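Residue numbers for the sequence shown follow the UniProt record's numbering, beginning at 1 and rising by one. We put the CB at the ideal spot given by N, CA and C, even for glycine. The model shown is predicted, which means the values in this text are computed figures rather than measured ones. Reviewing the structure listed below.
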Amino acid sequence: MEGFPAVFYSEPAVLGLLANAVSAFLVCMQNFSLFNTSISAGGAENILAGVHLILIGGISQLIAGFLSFRKYDHLSGTAFLAFSALWSSYGATRIVVGSELGLLRSNSSSVDTIPHIPVNEGAVAGLVAYILIAFILAFCSATVNYIMPFVFGALTLTLIFEAVGLFGRWALVVSGVLELIIVLCGLYGAGVLLLKGLTQRYVLPGFGNSLFNVLLLGSANRNSSKTAEEEKKKNTKYAEPMALGYLCDTISPFIMAFYCFGYIKSFYVGCIWISINVLSQICSSYYSYLRDDVYHATKFAFHGIFWLVKSWEEFTITVVLSPENISKSRESMVGDWFFVTVSCVFCFLSLNKDLLEVIHNMAFAVVTVSTIQQIPSAAGYIFFGVTCSIFTAISLYTTFASLVNSIAEKVLIPIGNVVIAKAKFQNVLVWSRKCFRRQGEELDIKENLSSRPSDPLFYICNGLAALAAIQSSLDYTVQAHMSIPWVLIPGAIIQLYVSRIDIQAGRRFGSVLPFCFSAIWATWVWLRFTGSLLGITADNDGGFTAGAIAFMVIDLFLIMFATHANAVLLLVTVMMEVVIVSFLLFTLEKLPLQFEITVLSIFSIICLYGFVASMINCLFNKELIPLGPPLFKKQMPENKEAVPSSCVLPQSHRTSGLRSIAKLLESGGVCGIPTDTVYALAASCKHPDAISRIYTIKERPSEKPICICISSLQQLRVINPPFSPLLWRFMDLVYPGGISCIVKKGEWLKRLGVGAAYEYVGTAESIMIRVPDHSVTAHLTDMTGPLAITSANPSGESDSTHHDHVINRLSHKLDAVLCDGYSNEIVGSTVVICTKIDEGSITILREGCVPATKIMALFERAKNMEQEVL
């Protein structure tokens, strides 16, 4: 039974296709049922169907999408997360329908007192948006296999008739028939992949070939190809999430445009669809962070904030508030200006990317401009709707281009040339900094050590929350009610996401800071915008005064920590202390309005500068925009002085550095070294005690074996181990590279130079061999002989992708760290069990930087080479 769940990890499309099939079957049965019953008799049925759609179609496909991204599957990851949002949104709509019908039935005598929710108007906008997306996914899947096109194609037609079925019940029957096609094709596809996962080969047809070759779409020019090459990230563990992010930027503005043009009277259902869609966009941001892509990670999260804030603002206007005095109250809201400014910064930062990216950012900037309430316009919503429509069209094309180019791993759909080369763009930034330096002062561009990938989004959240919190009056007004999503969403909700990212990266202070700020802004919203409703006064403050004092004490500790970071972060924490002071004065009813406006404005400006500086520094990995030095030097700074003198830090590009590491390994030391994947701890196989030290240093469980590393496959050929011809051919194809092969152990290891460490590496029956595609590691292994290696991180923590990570975490236990900068990947090697290769099968034990599909393709090639020889 343990192997069966593993199939869903190795082939997550099984779970995704099953979720689609079951969801389609649920909707099919309900459609047939509704066609034969009264339209007002489906209250409980709709609620049950909605819950099942969210659990099965939503959550199950969400898991399948996550696993697909981990398998470097661009299409499945994008499709399953998109359809997860679709089924969840449609399920939520069914729940709303069922709730309304239940109210109608229970209050039939007073129907007029029940507020009617125009479900059909809101849901049709979401369905039409997903029709476009489903069509693109069906077309792209035809370049990969010939089962998923039928599933996604039938889903596209189903969505069309589901949209028609909201107004005419006859279309529900047609939709039900199409859903049966989804069920049949989905079950067959799940069966094919299930057998493939169990047998490690295609037993049934459907996924081995495609309907047409993606290369038939043509090829863009060479300059565009260069663009894609520059955009290609080093990490190949996770699929590219850009298509998913642009896909979400298609759905949200499409629904908003429907509303702006007057097709939706109430934004109740539209808000649900956009909120769920934003969750998908946050997922694309998260996987961009995992790929170390700070640009797309910040951009997609920023766009998600915008659509979420705007949707909940319109929900407040159409559902919660009466339309009286709304326009006047909105004119005093200034949060939109922060959206405009940040979007303009993204336009500037995208100048070193392709033309399509620049156009996409410019279109979004125009969208943000159309929402500024201070710009007088009699047809403001029409302007907003037009800009949303244009942005939808651009995002749709960008989604298609990103998905196709990701599948083909080359530029087939034109995306335009690079506007400004990255090197020239960097020179422009350096020149601008030179203009502001003091006369006679030399410009020293250092490596970026102050900014982390999550910092830009942290500054965006706080800057937007501060600017949106500015009120023209301290009285409870309509503006205060509408400002709730403006402050709560970026200030509290999204900052929790920032804190989660920092926890993932192992940043202790970095994760505490956004978490505390999130609590402050959430409390701010609760008091300032609902305080009067709760009857809170100076005499009855509800404990908020004591809470403000507690926040002041906590922020003092944050200020102390920030003194060791950089000047901008220190200013942010200091200004937050002043913001909390205004919070305290409000609880005492002694807050001058001008004081609060000034404080929040300064806080927002500092955050804006912090965003620009941290974003540029992270993109170029250099401190091009200064964040200011720390007020106090750390006792253990992230540099060479921080390392105990007992830990040597030679440079990998120096021959003397390699010799010093080799000498330490030969004398029984344990060192941190770079590989073609992530950093590793290494010990010479001549010293078993050093291998035992690795277990102690990492706190690694003793039952986990350690592999050996050699410089080339030739070292194995010399000692002539008893490997089959098929194994030799397979290793010829995969070595050198980010793959570890587990083979049968034997006396040949002693001839290789693993005599003393024979019992300390591998298991009793097998040994894992690494031949890294890394010149430094190869030269080092030539000098020392076989090395016992394992990832250079405390057991259970993330891999080390920079020598600083090894130094910070393990230098006090090591003899040396060979400094080589950033690693080529952010995950380890793919582990392949080859002990039964003579029986015609291999098993992927752990998928790492090399996708399992590529491994299996190489294995099939090795077997075909055998047939050619015969």
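Check                                                                                                            : Outcome
Three or more C-beta pairs below 8 Å linking the segment 483-491 and the segment 542-557                         : no
7 Å Cβ cutoff met for L591 and L585                                                                              : yes
Buried/exposed call for S702, threshold 16 Cβ in 10 Å                                                            : exposed
Beta-bridge partners of L681, as assigned by DSSP                                                                : G672 and T790
Completely contained alpha helix (DSSP H) runs for the segment 719-763, where each covers 4 or more residues     : 725-734 and 748-752
DSSP-derived helix/strand/coil call for L390                                                                     : Per the sequence shown, the amino acid found at residue 390 is Ile instead of Leu. Note: I390 maps to helix in three-state DSSP.
In chain order, each alpha helix (DSSP H) run of at least 4 residues that lies wholly inside the segment 39-108  : 43-52, 61-70 and 74-106
Neighbour-count burial assignment, S667, 16 or more Cβ in a 10 Å radius                                          : exposed
Residue(s) in a DSSP beta bridge with K836                                                                       : Its beta-bridge partners do not exist; DSSP assigns none.
Three-state secondary structure assigned by DSSP to Q651                                                         : strand
Residue from L569, L15, M362 and V574 with nearest C-alpha to L67                                                : L15
Collapsed DSSP secondary structure at D689 in the structure displayed                                            : helix
Contained alpha helix (DSSP H) runs [length at least 4] in the segment 228-311, N- to C-terminal order           : 242-260 and 268-290
Cross-strand partners of V358 (DSSP beta bridge)                                                                 : Bridge partners of V358: none, in fact.
Three-way DSSP call (helix, strand, coil) for I484 in this model                                                 : helix
Own chain partners of S604 with C-beta closer than 6 Å, once the 5 adjacent residues on each side are dropped    : G463, A466 and L467
Rounded separation between V850 and M552 - CA only                                                               : 49 Å
Test item: CB-CB of L17 and G189 under 7 Å                                                                       : yes
Neighbour-count burial assignment, A13, 16 or more Cβ in a 10 Å radius                                           : buried
Residues near G206 by beta carbon distance below 8 Å, same chain, minus five either side                         : N145, Y146, I147, Y188, G189 and V192
Identity of the residues DSSP links to K353 by a beta bridge                                                     : None, per the DSSP bridge assignment.
Proximity of L457 and V512 at Cβ, strictly below 7 Å                                                             : no
Selected residue, minimal CA-CA separation from S210, among C140, L571 and F425                                  : C140
Collapsed DSSP secondary structure at S141 in the structure displayed                                            : helix
Span separating the alpha-carbon of V320 from that of N20                                                        : 35 Å
Reduced DSSP secondary structure (H/G/I, E/B, other) of T830                                                     : strand
Nearest neighbour of residue 871, chosen from F620, S692, H687 and G828 [CA to CA]                               : Because the chain spans 1 through 870 in this model, residue 871 falls outside it and cannot be assessed.
Residues that A816 bridges to, as DSSP identifies them                                                           : V648 and C671
Simplified DSSP state of V411, which is helix, strand or coil                                                    : coil
Own chain, CB closer than 7 Å to N639, minus 5 neighbours either side, in chain order                            : Note that N639 scores 43 on pLDDT, short of 50, meaning its location in the model is unreliable; the coordinates nonetheless yield the value given after this. Contacts found: none.
Cβ pair D820, P674 closer than 7 Å                                                                               : yes
Residue nearest to K744 in terms of C-alpha spacing, selected from Y822, I182 and V832                           : V832
Nearest-angstrom Cα separation, counted from A408 out to residue 878                                             : With the chain represented from 1 up to 870, any question about residue 878 goes unanswered, as that position is not in the structure.
Span separating the alpha-carbon of T655 from that of A690                                                       : 24 Å
Assumed close pair N31, L172 - CB separation to whole angstroms, cut-off 8 Å                                     : 4 Å
Close-in-space but distant-in-sequence residues of the same chain around E313 (CB under 8 Å, 5 per side omitted) : M482, P485 and W486
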